[in-house]
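Peer 1: The structure that follows is given in the form of structure tokens.
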Amino acid sequence: MTKTDSLRADSFGADSRRDAPPIPEVFAERYRAAGYWRGETFGGMLRERADAHPARVAITDGDRNWTYGELDVRADQLAAGFIARGITKGDRVVVQLPNVAEFFEVIFALFRIGALPVFALPAHRETEIHYFCEFTEAVAYVIPDRVGGFDHRDLASKIRAEVPTLRDVFVVGGDPGEHTALADLPSEPVEIDGPAPSDLAFLQLSGGSTGVPKLIPRTHDDYMYSLWGSNQICGVTEDSVFLVALPAAHNFPLSSPGSLGLFYAGGRVVMCPQPDPDTAFPLIERERVTITGLVPPLALVWTDAGRTTPYDISSLDVLLVGGAKFSESAARRVAPALGCTLQQVFGMAEGLVNYTRLDDPAETIVTTQGRPISPDDEIRIVDDLDQDVPDGEAGHLLTRGPYTIRGYWRAPEHNARSFTADGFYRTGDIVRRTPTGHLVVEGRAKDQINRGGEKIAPEEVENIILAHPHVHDVSVVAVPDEYLGERTLAYVILRADAEPLKPVVIKKFVRERGLAAYKVPDRVEFVTAFPQTGIGKISKKDQRTTAAAPGA
Ligand code: OOB
């Protein structure tokens, strides 16, 4: 290796290693030798596709059709605009956009520079955004102007006043207010010394089980492998058309195989503003969509609507369902109602993604959550003492592999708990493995609520409720729900001297603190004590049992 090579191999310098524990070199060599890591970057990949077929449409958004050539030029011009505003390699930029074509223009511009998008979700509000901007020391924040009555510009002004590193707010569409319109930025492309394939590409968000979400550092090399690996498994080719129905920034619609998988294959991505059948089905008909991904509650709605829809959705070949457990009975209804193949996906933004295969027996497709993408995804299923359980028994899922992180970003203490000494990620999921190597998700050991695929860390919501002056203590737990799988229930103990409160006061308090709406407790119950475990901790297990009891 020459000096320049070794510099390029870690072109952000030593700090990046402290920020994000890398995959050790012995493993990296193995993953390169096996052909998983192909030495590509996102910026380079888009250029190659644009050179190969400039006139093919990459993105359809309403009446707009951007070709690969156009997307490539837009990314270059916007990268030049970002550079002119001082954004450089390694900088973090919080991106919070709805499902619009500009989402890709922005992230490819950042990828070209080697600046890291931080993928906020449209539902995030002040608490989350402030944290992302402050913790990542973001230099810029990209937003829409207004969505569904919410003015993102006002929120951005507030955050900018609070977070000293945040220099710029860029607004997509409409009136930028006191900020900068994205459309005013692009300038003549400039020479860019882009990132190396082993560099970080972006920070994805963890579902989380702690007070604040953790950030997941993914590299070009590792993520790109998950894309082409997924494409092979999901049958994606340049003729595929993928509907982005879930929020574009989430790992599932981004990479399983997702929009980025489609670009990798040279296919077409169709932006869907809302995931309901009334919006999605006409788009499927008009754009001849072949593949899309949904969380289980939406899959139920689509299945019901599919039986009687007047729209021609026969182009749909594959429906991926994941993010939360899809019940066997619901899974059985998909193929007959929608006339497509169901593919279950059990993935995580930290890495590991499992799919049922298109040619798996029908029973396997409806009763399992699939098997890993890679032959080099290492799976261990262990008991509470990290000992492997006998074949076929349920236990904690640990994993290590070519696209699974070795640590969260700037979180050494947390990493010591979430990863084993030899680098396995503790997923917090309880699974068992079938003789064919497929995984069945049996439950969860982490303190997390999965509300129809949207993850909630109880601790984050508890911390907010504890700030209410009349609240003495709080415990947030999951309650089973037929439609969403789980909903949230906050058990609250009021202070001895407090007046009685109505549940709505607590909900309103959480909302006004600026937390994503899906984290506002569905139910609030006032109690005088919490059940305790043998050593005096709150027994959430007992609370869940009480909450789930009939008539509760
Ligand atoms: C996906 O990613 P995340 O990071 O939002 O959530 C990961 C967690 C998993 O650890 C598991 O607890 C749960 O979500 N999960 C499932 C599941 N898929 C995800 N639990 C049961 N059955 C499933 N099929 O949710 C995600 C990332 C990439 C592709 C698909 C989903």
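Going by this note's numbering, the sequence shown wraps up at 559, each residue one higher than the last. Just so it is clear, CB atoms sit at the ideal spot from N, CA and C, and this is done for glycine as well.
(1) Compare the beta carbon distance of Thr411 and Glu357 with 8 Å and say whether it is the shorter of the two.
(2) Between the alpha carbons of Asp12 and Asp200, how many angstroms are there, rounded?
(3) With a CB to CB cut of under 7 Å and the five nearest residues on each side skipped, what residues in its chain are close to Val197?
(4) If Ile456 and Pro465 are in contact, beta carbons under 8 Å, what's the gap, nearest whole angstrom?
(5) Mind listing, in chain order, the continuous alpha helix (DSSP H) runs of no fewer than 4 residues lying wholly within the segment 348-427?
(6) List the whole-angstrom C-beta distance separating Gly414 from Pro28, where the pair is believed to meet the contact cut-off of C-beta under 8 Å.
(7) Between which two residues does the alpha helix (DSSP H) containing Phe288 stretch?
(8) By the 10 Å Cβ neighbour count, where 16 or more other Cβ atoms means buried, how is Ala503 classified, buried or exposed?
(9) For Gly399, which of Ile437, Pro220 and Thr315 has the nearest alpha-carbon?
(10) What residue from Pro476, Asp319 and Asp529 has the CA that sits closest to Glu506's CA?
(11) Between the C-alpha atoms of Ile372 and Leu501, what's the straight-line distance to the nearest angstrom?
(12) Residues in the same chain with beta-carbon distance under 6 Å from Val468, minus the five sequence neighbours each way, listed in chain order, please.
(13) For Arg45, is the classification buried or exposed, using 16 other Cβ atoms within 10 angstroms of its Cβ as the cut-off for buried?
(14) Among Gln103, Thr299 and Val125, which residue has its Cα nearest to the Cα of Leu345?
(15) Taking 7 Å as the cut-off, does the CB of Val360 come closer than this to any heavy atom belonging to the ligand OOB?
(16) Who are the Cβ neighbours of Pro487 in its own chain at under 7 Å, not counting the five residues just before and after it?
(17) Name the residue from Glu461, Lys453, Glu449 and Lys514 whose alpha carbon lies nearest to the alpha carbon of Val481.
(18) Could you spell out the range, first to last residue, of the alpha helix (DSSP H) harbouring Ser237?
(19) Rounded to the nearest angstrom, how far is the Cβ of Thr406 from that of Asp384, given a contact under 8 Å?
(20) What are the complete alpha helix (DSSP H) segments, minimum 4 residues, inside the segment 445-479?
(21) The ligand OOB and Asn457: does any heavy atom of the ligand fall closer than 7 Å to the residue's C-beta?
(22) Please name the residue, chosen from Ala65, Gly402, Thr427 and Arg99, that lies closest to Ala452 on a Cα-to-Cα basis.
(23) Mapping DSSP to helix, strand and coil, what is Gln4?
(24) How is Gly492 classed by DSSP in three states: helix, strand or coil?
(25) Kindly confirm or deny that the segment 153-160 and the segment 241-260 touch, where touching means at least three C-beta pairs closer than 8 Å.
(26) Look at Phe259 and Leu253 and say whether their C-beta atoms are less than 8 Å apart.
(27) Which two residues bound the contiguous alpha helix (DSSP H) that contains Phe49?
(28) Express the C-alpha separation of Asp246 and Arg378 in angstroms, rounding to a whole number.
(29) Ends of the beta strand (DSSP E) at Ala306?
(30) Among Val296, Asp283, Phe288 and Pro284, which has the Cα closest to the Cα of Gly265?
(31) Taking 7 Å as the line, does the beta carbon of Ser213 fall inside it for any heavy atom of the ligand OOB?
(32) I'd like to know whether the C-beta atoms of Phe49 and Phe115 end up nearer to each other than 8 Å.
(33) Rounded to whole angstroms, what is the Cα-Cα separation between Leu128 and Gln103?
(34) Cβ atoms of Ile94 and Ile120: under 8 Å apart, would you say?
(35) Taking only the alpha-carbon atoms, compute the straight-line gap between Tyr75 and Tyr148 and give it to the nearest angstrom.
Peer 2: Taking the coordinates as given:
(1) yes
(2) Because the pLDDT at Asp12 is just 42, under 50, the model does not fix this residue reliably, and the point stays unresolved.
(3) Ala87 and Ile90
(4) 6 Å
(5) 369-374 and 419-425
(6) 3 Å
(7) Pro284 to Glu294
(8) exposed
(9) Ile437
(10) Pro476
(11) 48 Å
(12) Val483 and Lys526
(13) exposed
(14) Thr299
(15) yes
(16) Glu493 and Ala555
(17) Lys514
(18) His227 to Cys241
(19) 6 Å
(20) 465-473
(21) yes
(22) Gly402
(23) With the chain represented from 8 up to 559, any question about residue 4 goes unanswered, as that position is not in the structure.
(24) strand
(25) no
(26) yes
(27) Phe49 to Ala59
(28) 26 Å
(29) Note, Ala306: premise wrong, no beta strand (DSSP E); alpha helix (DSSP H) at Pro303 to Gly313.
(30) Val296
(31) yes
(32) yes
(33) 6 Å
(34) yes
(35) 26 Å
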